[in-house]
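Numbering (this note's numbering), first residue to last: -11 to 103.
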């Protein structure tokens, strides 16, 4: 089973007021999902975000965003450039592939020798 990991691709400080404590110390973070398996490493195009107040340490959900927070978020969202979708195979995959090819080739060779 593949393990999923969120890798931070951008982080920025916002000077908007927190809806909970009205402090001007917010942080917006953008994450991209990576999947790790025994045979592959995949980077998906799924980007998630999180806005956190640094003082009261509460997550600010989109329901409680003010217009200023939404404008700042959209600005930083446009600046985010996620990594391309990629699929990289691990060395275990290549070793198993070569082993299977060698076994099939040896089987065909011995079948040809018997006839």
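Glycine is no exception: its CB is placed at the ideal position from the N, C-alpha and C atoms. In this text the structure is predicted, and so the values were computed from the model without any measurement.
Between the options, which lies nearest to residue i when the distance is taken from Cα to Cα?
i, options, result
"residue 18", "103, -2 and 26", "-2"
"residue 23", "77, 4, 82 and 86", "77"
"residue 46", "25, 58 and 10", "10"
"residue -9", "21, 7 and 13", "21"
"residue 61", "6, 75, 99 and 16", "16"
"residue 6", "57, 87, 27 and 25", "57"
"residue 26", "100, -6 and 84", "84"
Would you report the Cα separation of residue i and residue j, rounded to the nearest angstrom?
i, j, result
"residue 97", "residue 80", "26 Å"
"residue 1", "residue 51", "20 Å"
"residue 82", "residue 93", "16 Å"
"residue 3", "residue 49", "17 Å"
"residue 30", "residue -4", "15 Å"
"residue 102", "residue 95", "11 Å"
"residue 72", "residue 59", "26 Å"
"residue 38", "residue 32", "18 Å"
"residue 40", "residue 54", "14 Å"
"residue 42", "residue 75", "36 Å"
"residue 65", "residue 14", "15 Å"
Provide the residue(s) that pair with residue i in DSSP beta bridges, ordered along the chain.
i, result
"residue 100", "DSSP lists no partner for residue 100."
"residue 8", "Note: residue 8 sits in no beta bridge, so no partner."
"residue 0", "16"
Roughly how far, in whole angstroms, is the beta-carbon of residue i from the beta-carbon of residue j, given that I think they are within contact range, below 8 Å?
i, j, result
"residue 35", "residue 68", "7 Å"
**Message:** Which complete alpha helix (DSSP H) runs does the region 16 to 74 hold, if anything under 4 residues is left out?
**Reply:** 55 to 67
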